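Chains A and B supply the protein sequences, listed in that same order. Counting the first sequence from 1 gives a position; our numbering is that position plus 97. Counting the second sequence from 1 gives a position; our numbering is that position plus 97. Glycine residues also receive a C-beta, built at the ideal position from the N, C-alpha and C atoms. Computed from a prediction, not measured in an experiment: that's the story for all the values here.
There are 2 protein chains.
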Amino acid sequence: MKRHNFSAGPCILPQEVLLKSSEAVMDFNGSGLSLIEISHRSKGFVDVMEKARSLALELLGLEGKGYKALFLQGGASMQFLMVTLNLLEKKAGYLNTGTWSENAIKEARIFGDIFEVASSKDKKHSYIPKGYEIPKDYDYFHCTSNNTIFGTQIKKFPNCPIPMVCDMSSDIFSRQLDFSKFDLIYAGAQKNMGPAGTTLVVVKEEILGKVSRNIPSIMDYNVHINKSSMYNTPPVFAVYTSMLTLEWLKNLGGIKGVEIENDKKATLMYSEIDLNPLFNGYTTKEDRSNMNATFTLANEDLKETFDTMCQEAGIEGLNGHRSVGGYRASMYNALSLDSVKALVEVMSELESKA
Amino acid sequence: MKRHNFSAGPCILPQEVLLKSSEAVMDFNGSGLSLIEISHRSKGFVDVMEKARSLALELLGLEGKGYKALFLQGGASMQFLMVTLNLLEKKAGYLNTGTWSENAIKEARIFGDIFEVASSKDKKHSYIPKGYEIPKDYDYFHCTSNNTIFGTQIKKFPNCPIPMVCDMSSDIFSRQLDFSKFDLIYAGAQKNMGPAGTTLVVVKEEILGKVSRNIPSIMDYNVHINKSSMYNTPPVFAVYTSMLTLEWLKNLGGIKGVEIENDKKATLMYSEIDLNPLFNGYTTKEDRSNMNATFTLANEDLKETFDTMCQEAGIEGLNGHRSVGGYRASMYNALSLDSVKALVEVMSELESKA
Chain A
98 MKRHNFSAGP CILPQEVLLK SSEAVMDFNG SGLSLIEISH RSKGFVDVME
148 KARSLALELL GLEGKGYKAL FLQGGASMQF LMVTLNLLEK KAGYLNTGTW
198 SENAIKEARI FGDIFEVASS KDKKHSYIPK GYEIPKDYDY FHCTSNNTIF
248 GTQIKKFPNC PIPMVCDMSS DIFSRQLDFS KFDLIYAGAQ KNMGPAGTTL
298 VVVKEEILGK VSRNIPSIMD YNVHINKSSM YNTPPVFAVY TSMLTLEWLK
348 NLGGIKGVEI ENDKKATLMY SEIDLNPLFN GYTTKEDRSN MNATFTLANE
398 DLKETFDTMC QEAGIEGLNG HRSVGGYRAS MYNALSLDSV KALVEVMSEL
448 ESKA
Chain B
98 MKRHNFSAGP CILPQEVLLK SSEAVMDFNG SGLSLIEISH RSKGFVDVME
148 KARSLALELL GLEGKGYKAL FLQGGASMQF LMVTLNLLEK KAGYLNTGTW
198 SENAIKEARI FGDIFEVASS KDKKHSYIPK GYEIPKDYDY FHCTSNNTIF
248 GTQIKKFPNC PIPMVCDMSS DIFSRQLDFS KFDLIYAGAQ KNMGPAGTTL
298 VVVKEEILGK VSRNIPSIMD YNVHINKSSM YNTPPVFAVY TSMLTLEWLK
348 NLGGIKGVEI ENDKKATLMY SEIDLNPLFN GYTTKEDRSN MNATFTLANE
398 DLKETFDTMC QEAGIEGLNG HRSVGGYRAS MYNALSLDSV KALVEVMSEL
448 ESKA
């Protein structure tokens, strides 16, 4: 039976990527050796790293604009710390849109004065704050583009008078944006880019080197830039698989191409949530995420029936995050419209049964 | 043609591990989903993480002795920093046996007074210092068990009156030691354990929580311990493949079993270096590494001939590190005695030709 993988991350990846990546574990480019047993300094792997880095910049439209792309380790949680060590001299402003923003704020507070420029905490992060001011004398402004847990997404980014840092872990490469508005973008690979184990950092070089602290080498973006993202042994499998996913995306017409598909999926999903009286959306409509649709059953008594129907239809990973409850349908780039159709069908079947 | 992979790391892994790992990228445990697209919180993956952690302790003989095993990200270079943040209050002692020790010292110096208790720098790290004293008032003592670049290995560890920290990246699981002498052991996976992208940390819990600094969460061993090594999304592929390698090792008779094979390989290799007049060993005999044999040609004019002969015999990854030159035969756990025989044959063939 075909599985419909709605996991929030790690999540579905393109089948052709999985196939190539699986093959490379046995034989990398016909070398007779595995991808994971060759030197990361060999020409074969250096080419992979360089291709991944240049594809990332190309797809974001940031080539030749003073940015560098890095593939690091440690996930977004490591970036909470690296951003702070590299950019925070005295104070910074953070937009609090949920759990991940709060974690970023918590880590930054160890090293300076962190101000919440706005927060959606008053309504359990079911919306995106708007109309806030970003003070000019902060070192930088930090926001989270998409809230995977609550299912909100920033649709319009502020005009930012200071460097703008954005955690795009759960929606990078999913929609067209003017990425040059951002000075630093980071994203754990395990949503739209590849397997867990690597994190993309895209940084405008001119914002670096301005803090007075002695940054540990492994935490220093400039150290990684100077070593072409090979300061130490990179996570070869995760970088290679990310490169394959970026190639797949490019062949699909890049972000522009995939955005059309993502819009179709989200429209179908949210139409069902709105029209079907058995389900309620969790977030404010205008701030709904195209990646993670969160919803609850109007009548909890139907839970067992609905869960069984989903299971029978091969639908996986639909449980909401424990802090929100209910359901969450994650519709990342590699999820097909057919999978959303399958879920919507189950939802309307439940309606006709009830 | 069979390849003989002498790479220094990432390096050769058991063929059966590569096969299982490659299959899991397409279908994990018959689930119909890939290992890299399922939730890391799913039972399937939680079991993998727990098995990897307990196998590590079991193989090192550290079960029930107050130790915890973690699979983190960032490589040994990240551990240079984490060790410091978690253990350094004022001063610590480091044994300088080469490049990796020096990197560890450099990073630790940002946070306190670091003393070299002994150094082999005077003779370009071709030996292991002995007979040094470790002051009782240091916070900890740090050493590097095996020097991958120069090819030296500590055969007898000091009696240490303070917590002993050891970077075992390049020889963990290769030889029997009383591992309970150490309070913290770390090792990047990419030599004897798995693919690049995860790092094993084995730490005695009682040494933690004693420094006064506010440790960032992602850097705090206690945070990772409390979250069962899942504080954030782990590098699933690297952890799974490491688990498979540890299973393979256990089936081989554990460290005791593989040590017999490693001794055979090293004895054969060094006998040839010593008996063949065309080659010179780089290090002091008593400190020779069983993992990395470093040697040079007595007559550099033979380089092209030797390199071609190696290539024709399917021998890969034999180049010495750029800071030492010459050759380096890395003989990690998964390298077969046959591969060493193939290399030794080429070396003696060169002798008979010359």
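- By the criterion of a C-beta distance shorter than 6 angstroms, S217 of chain B is surrounded in its chain by T194, Y224, P226, once the five residues flanking it on both sides are discounted.
- Closest in alpha carbon position to A215 of chain B, among B:E204, B:Y229, B:H222, is B:Y229.
- Per DSSP, reduced to three states, the secondary structure at Q176 of chain B is helical.
- H239 of chain A and K233 of chain A have their C-alpha atoms roughly 13 angstroms apart.
- Shortest Cα-Cα distance from S445 of chain B to any of B:S368, B:G411, B:I322 involves B:S368.
- For the C-beta of N102 of chain A, the chain B residues within less than 7 angstroms are, from N- to C-terminus, L130, E134.
- Proximity of chain B to L116 of chain A at the Cβ level (cut-off 9 angstroms) is accounted for by V122, M123, in chain order.
- Assigned with DSSP and collapsed to three states, V421 of chain B falls in coil, not helix or strand.
- Within the model, the alpha-carbon separation for K165 of chain B versus K301 of chain B is close to 6 angstroms.
- When beta bridges are read from the DSSP output, A390 of chain A appears opposite A:A426.
- Taking 8 angstroms as the threshold, the shortest C-beta distance from N329 of chain A to chain B falls below it.
- Taken through DSSP and simplified to helix, strand or coil, R272 of chain A comes out as coil.
- With fewer than 16 neighbouring CB atoms inside 10 Å of its own CB, K361 of chain A falls in the exposed class.
- Annotation note: the stretch 284-339 of chain B contains the following uninterrupted beta strand (DSSP E) runs of length 3 or greater, listed N- to C-terminal: 296-301.
- When the Cα atoms are used, N373 of chain B and V443 of chain B turn out to be separated by approximately 11 angstroms.
- Under the three-pair Cβ rule at 8 angstroms, the stretch 279-287 of chain A counts as touching the stretch 158-177 of chain A.
- Within the DSSP bridge table, the entry for V214 of chain A names no partner.
- The contact set of N359 of chain A on chain B, defined by CB atoms closer than 8 angstroms, is empty, because the minimum CB distance reaches about 18 angstroms.
- Y191 of chain A carries a strand assignment under DSSP once its states are collapsed to helix, strand and coil.
- Within chain B, the residues P107, A293 have their CB atoms less than 8 angstroms from the CB of H137 of chain A, given in chain order.
- DSSP places A205 of chain B inside the alpha helix (DSSP H), whose first and last residues are 196-205.
- Under the criterion of beta carbons closer than 8 angstroms, N430 of chain B and N359 of chain B qualify as touching, at roughly 7 angstroms.
- By the neighbour-count definition (other C-beta atoms within 10 Å, threshold 16), P107 of chain B is a buried residue.
- For K400 of chain B, the enclosing alpha helix (DSSP H) covers residues 400-409.
- Counting along the chain, the unbroken alpha helix (DSSP H) around D360 of chain B starts and ends at 351-372.
- Below the 8 angstroms Cβ cutoff, chain B contributes N311, P313 as neighbours of I207 of chain A, in chain order.
- For F212 of chain A, the closest Cβ of chain B is not nearer than 8 angstroms.
- P226 of chain A is outside the set of residues whose beta carbon lies under 8 angstroms from a beta carbon in chain B.
- Nearest neighbour of F103 of chain A by Cα position, chosen from A:L178, A:A439, A:N311, A:E413, turns out to be A:E413.
- Taking a beta-carbon distance threshold of 8 angstroms, S119 of chain A counts as an interface residue toward chain B.
- In this structure, the CA atom of N256 of chain B is about 59 angstroms from the CA atom of G411 of chain A.
- Taking a Cβ-Cβ cut-off of 9 angstroms, the neighbours of S174 of chain B in chain A comprise S314, I315, Y328, N329, T330, given in sequence order.
- For L110 of chain A, the chain B residues whose C-beta falls within less than 8 angstroms of its own C-beta are S131, I133, E134, listed in chain order.
- Bounds of any beta strand (DSSP E) do not take in D144 of chain B; it lies within the alpha helix (DSSP H) bounded by 140-156.
- By the 16-neighbour rule on beta-carbons within 10 angstroms, M265 of chain A is buried.
- With 16 or more other Cβ atoms inside 10 Å of its own Cβ, D268 of chain B counts as buried.
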